[in-house]
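The letter at position 149 of the sequence shown is residue 149 when you use UniProt numbering, and the numbering goes up by one with no holes.
One structure is given below, encoded as structure tokens.
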Amino acid sequence: MSNQTVSELKDLTAKSATNYGFDVTDFKMFTHLNPLSIQVNIRHKNPDKKVTIDDCSILSQYIDEAIQGSSILDQPFNLEISSEGISDFLTEEKDFQTFKGFPVEVSYQDLKKIEQQTNGLLLKRTDNELQINQKGKTQRIPVEDVIQVRLTTPAG
Numbered sequence: 001m002s003n004q005t006v007s008e009l010k011d012l013t014a015k016s017a018t019n020y021g022f023d024v025t026d027f028k029m030f031t032h033l034n035p036l037s038i039q040v041n042i043r044h045k046n047p048d049k050k051v052t053i054d055d056c057s058i059l060s061q062y063i064d065e066a067i068q069g070s071s072i073l074d075q076p077f078n079l080e081i082s083s084e085g086i087s088d089f090l091t092e093e094k095d096f097q098t099f100k101g102f103p104v105e106v107s108y109q110d111l112k113k114i115e116q117q118t119n120g121l122l123l124k125r126t127d128n129e130l131q132i133n134q135k136g137k138t139q140r141i142p143v144e145d146v147i148q149v150r151l152t153t154p155a156g
């Protein structure tokens with residue numbers, strides 16, 4: 001497959017996504033697969049909106065129709081549309097509400113201003129403190145000392 005074909009497909013995909021309020025954040029083609037596989041990651045142009053499964057499904061139809069209607073590809077292909085996914089880092093209030101009970105790693109400064117890390121299950125964040133459950137005990141970390149909070153796997 002020529003570089004020109006890949007470039008034309010990428011441009012067509014980006015144009016189709018833009019027409020429906022999305023940006024393409026990643027575009028990959030796997031030409032060694034049969035049929036050819038095209039993977040496209042998208043995000044909303046409006047940063048306050050999250051990409052839903054319905055968004056991916058609808059955009060997949062539009063992009064598929066655009067490719068089929070063009071003369072760029074003359075072979076079968078699979079098209080996969082997905083989002084960038086969520087960040088591992090919790091920053092917004094809604095993140096802390098959504099992931100209550102999930103395992104997190106907290107980086108913070110102790111009383112001597114030395115960076116520390118601890119793990120536990122997220123309980124809540126208030127205006128004053130972050131609370132995590134560590135083996136049944138609540139650890140309270142002042143919000144002003146928290147450097148970052150990151151989702152982890154249960155094993156850490």
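All residues carry an ideal CB built from backbone N, CA and C; glycine is no exception.
Residue span of the beta strand (DSSP E) that contains residue i, given as start and end
i	result
D110	From DSSP, D110 is part of no beta strand (DSSP E); its letter is neither H nor E.
E129	E129 to Q134
L79	F77 to S83
I72	Taken as a continuous stretch (DSSP letters only), I72 belongs to no beta strand (DSSP E), as it is neither H nor E.
Best match in the options for proximity to residue i [C-alpha to C-alpha]
i	options	result
N128	Q68, R43, D145 and K45	D145
S7	I67, I53, D88 and E93	I67
P142	T31, T126, I63 and K100	T126
F22	A14, K28 and M29	A14
G136	I147, I114, K113 and G101	G101
Local conformation of residue i per DSSP, three classes
i	result
D23	strand
K28	strand
K124	strand
V104	strand
F96	helix
G156	Low local confidence applies: a pLDDT of 46 at G156 is under 50, so the model's placement there is unreliable, and no value is given.
residue 184	No statement about residue 184 is possible, as the shown extent of the chain runs from 1 to 156 and does not include it.
K50	coil
T118	strand
T91	coil
L33	coil
Cβ shell of residue i (< 8 Å), same chain only, five flanking positions each side left out
i	result
G156	Only weak support is given to the placement of G156: the predicted model assigns it a pLDDT of 46, under 50, and the value that follows is read from those uncertain coordinates. Closer than 8 Å at the Cβ level, and outside the excluded window around G156, lie P103, E105 and N119.
R140	E129, L130 and Q131
Endpoints, the alpha helix (DSSP H) within which residue i is located
i	result
I42	Where I42 is concerned, there is no enclosing alpha helix (DSSP H), although the beta strand (DSSP E) it sits in stretches over L36 to H44.
Cβ pair residue i, residue j closer than 8 Å
i	j	result
T138	L123	yes
residue 163	P47	Examination of residue 163 is not possible in this model, given that the chain is present from 1 through 156 alone.
I72	L9	yes
Q109	I63	no
Beta-carbon proximity list for residue i, same chain, < 7 Å, skipping 5 on both sides
i	result
Q25	This sequence places Thr at residue 25; Gln is not what is there. Answer for T25: N41, I42, R43 and E84, listed in chain order.
K28	Q39
Residues near residue i in its chain [Cβ-Cβ closer than 6 Å; skip 5 each side]
i	result
E80	Q39
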